[in-house]
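See structure below.
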Amino acid sequence: MGSFILKTFLQFLFLITPFFVLSMFLSMTQGWDTGAKKKLAIKVGLSAFVTCVFLLFFGRWLFAAFDITIDAFRIGGGALLFLSAVGLVNSKIADKAPSDDMDSEVSNIAVVPLAIPVTCGPGTIAAVLVIGAESSGIVNQLACVIGLVCAFAILTTMLVLSAWVEQKLGRNVIVILSKITGLILSAMAAQLVFTGIKHILAI
């Protein structure tokens, strides 16, 4: 079970693209005070975590309701994830001017766009649905939840300590790491597509 938890943790960690989220977070909170940044970081982490947990446990019912096979969704989801990876590699982070009303700004950007679609984009959502549908049994589902909790704990901690992380690494290093994450995501997307095609052809 330990190896499965580690595997799912690493999958979720790359799926939520923490360095890209951090880049967006830093750009959208320039000039903010520390308290407002921490409040936003916690809201983003919780919103994205709840979204992924819902998809993880109820994705299989969506497949059943629309009569979609897991392999068909692997191919479609893999294609979306690949497009997300390409966008991540080619993305340019734009600076955003700070708002005068911090509380209103936190509420406005916590769920959209930072939680969805920056953290949980279409490709991420598709991949989480596939992982949830493949995880049968309480033990595997528990391992997925533990992996998800660990991944979002790291993301939220990075956002809470965003100023410190930026100071230690520098904005350019964070952007480079986000693009490396995009390359790894593209490989995960290719694997999803290849697995789906392999299973369909074997039928």
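So for the sequence shown, the numbering used here puts the first residue at 20; every next one is plus one.
Every residue, glycine too, gets a C-beta built ideally from N, C-alpha and C.
| query | result |
| --- | --- |
| First through last residue of the alpha helix (DSSP H) which encompasses G151 | P141 to E153 |
| Classification of T53 by the beta-carbon crowding that lies within 10 angstroms, buried from 16 upward | exposed |
| As assigned by DSSP and simplified to three states, the class of Q160 | helix |
| W80 - DSSP class collapsed to helix/strand/coil | helix |
| Assigned exposure category for G50 - 16 Cβ within 10 Å defines buried | exposed |
| Extent of the continuous alpha helix (DSSP H) to which V192 belongs | R190 to A221 |
| Three-pair Cβ contact test at 8 Å for the region 63-75 versus the region 123-133 | yes |
| D171 to C163 span [Cα, whole Å] | The question names Asp, but residue 171 is Phe in the sequence shown. The straight-line gap from Cα to Cα measures roughly 12 Å. |
| Presumed contact (8 Å Cβ cut-off) between L167 and F68, rounded CB distance | 7 Å |
| Distance between S154 and Q160 (C-alpha atoms, nearest Å) | 6 Å |
| Secondary structure of I87, DSSP reduced to three states | coil |
| Burial state of A195, where buried means 16 or more other Cβ atoms lie within 10 Å | As written in the sequence, residue 195 is Ile, which differs from the Ala given in the question. So I195 ends up on the exposed side. |
| Reduced DSSP secondary structure (H/G/I, E/B, other) of M20 | coil |
| Segment contact flag, the region 87-106 with the region 195-212, C-beta cutoff 8 Å, min 3 pairs | yes |
| Cβ neighbour criterion (16 or more within 10 Å) applied to F73 | exposed |
| Of the residues A55, I203 and A221, the one placed nearest G97, counting alpha carbons only | I203 |
| Inter-residue Cα distance where the pair is V188 and S46 | Contrary to the premise, residue 188 reads as Leu rather than Val in this sequence. One C-alpha to the other measures close to 15 Å. |
| For S181, three-class secondary structure by DSSP | helix |
| Rounded separation between A116 and L107 - CA only | Residue confidence is low: A116 scores 48 on pLDDT, short of 50, so the model does not pin down where it sits. No coordinate-derived value is stated. |
| Run of the alpha helix (DSSP H) containing V40, from where it starts to where it stops | P37 to M47 |
| Local Cβ density within 10 Å of G78, reported as buried at 16 or more and exposed below that | buried |
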